[in-house]
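Going by the numbering used here, the sequence shown opens with residue 186, and the numbers climb by one from there.
Every residue, glycine too, gets a C-beta built ideally from N, C-alpha and C.
Okay, so here's the structure we're looking at.
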Amino acid sequence: MWNDKPLAEKNRLVAKYVLLFVTGMFGFAFAVVPLYGLLCSTLGIGPAFASPAKRGNTPTTESRYVTMHFVSQVNAGLAADFGPVSELTKRVKVGEMNTVSYRFRNLSNKPIEFQAVHSVAPEQAGPSLQKIECFCFTRQSMKPHEVRTMPVTFRLEPTVGKEIPEVTLAYTLYALEPDQKQIEHGQTKSLSTIK
Numbered sequence: 186m187w188n189d190k191p192l193a194e195k196n197r198l199v200a201k202y203v204l205l206f207v208t209g210m211f212g213f214a215f216a217v218v219p220l221y222g223l224l225c226s227t228l229g230i231g232p233a234f235a236s237p238a239k240r241g242n243t244p245t246t247e248s249r250y251v252t253m254h255f256v257s258q259v260n261a262g263l264a265a266d267f268g269p270v271s272e273l274t275k276r277v278k279v280g281e282m283n284t285v286s287y288r289f290r291n292l293s294n295k296p297i298e299f300q301a302v303h304s305v306a307p308e309q310a311g312p313s314l315q316k317i318e319c320f321c322f323t324r325q326s327m328k329p330h331e332v333r334t335m336p337v338t339f340r341l342e343p344t345v346g347k348e349i350p351e352v353t354l355a356y357t358l359y360a361l362e363p364d365q366k367q368i369e370h371g372q373t374k375s376l377s378t379i380k
């Protein structure tokens, strides 16, 4: 059938298909950006879902509130006491910065070194809780009977599920030997090796 057509008609047909292909590619080039945005929002990936540190401190119009509970405990073998200074529970507005101060007390006659390790419950809220400043970022040293107050500044991101009305931020203090390596920020497992 193709061989039966004259050359001029074949050329017109090829030109028609090439023009159709080029027009289709041009249209696809315009459609790819909105399609990419739709795909990213459907899958929860891409720049709109980047971590808050990458997005910057953007104000929010979110009017949701979540009840935060602050829990503290000291692992056996560390002569220390600590906990929130004033509030064990706080109602926080989603998207806003909050600061809670913790008081630490060395109960021994010797200097101590320790590090706080955090956990968040429910687990689904963990990625939405962004700690800006925290004593858990580095190891801490205290002189005998020293008392110190240290803040935790955090923001609960709007990505926290609407089905989560309460979030618990718990800290556990672990003793560190002077030559022991610092616990990496965010590490909450394999704690059996910590004294």
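At a cut-off of 4 residues, the continuous stretches assigned as alpha helix (DSSP H) that sit fully inside the region 231-315 are 237-240.
Leaving aside the five residues that flank T338 on each side, the residues in its chain whose CB is nearer than 8 Å to its CB run, in chain order, M282, N283, T284, K316, I317, E318, C319. By alpha-carbon distance to S286, the top candidate from K295, Q300, M335, A265 is M335.
Note on geometry: alpha-carbon atoms of K347 and S248 lie some 11 Å from one another. Residue pairing by DSSP places P336 opposite S286 in a beta bridge. In the structure shown, E318 falls within a strand segment according to DSSP collapsed to helix, strand and coil.
For the set E342, V345, F299, the Cα lying nearest the Cα of T323 is the one of F299. In the structure shown, the three-state DSSP call for E362 is coil. The three-state secondary structure of E351, taken from DSSP, is strand. Separation of H303 and V277 (C-alpha to C-alpha, rounded to the nearest whole angstrom) is 19 Å. Taking one beta carbon from each stretch, the region 339-359 and the region 252-260 have 3 or more pairs nearer than 8 Å; the two touch.
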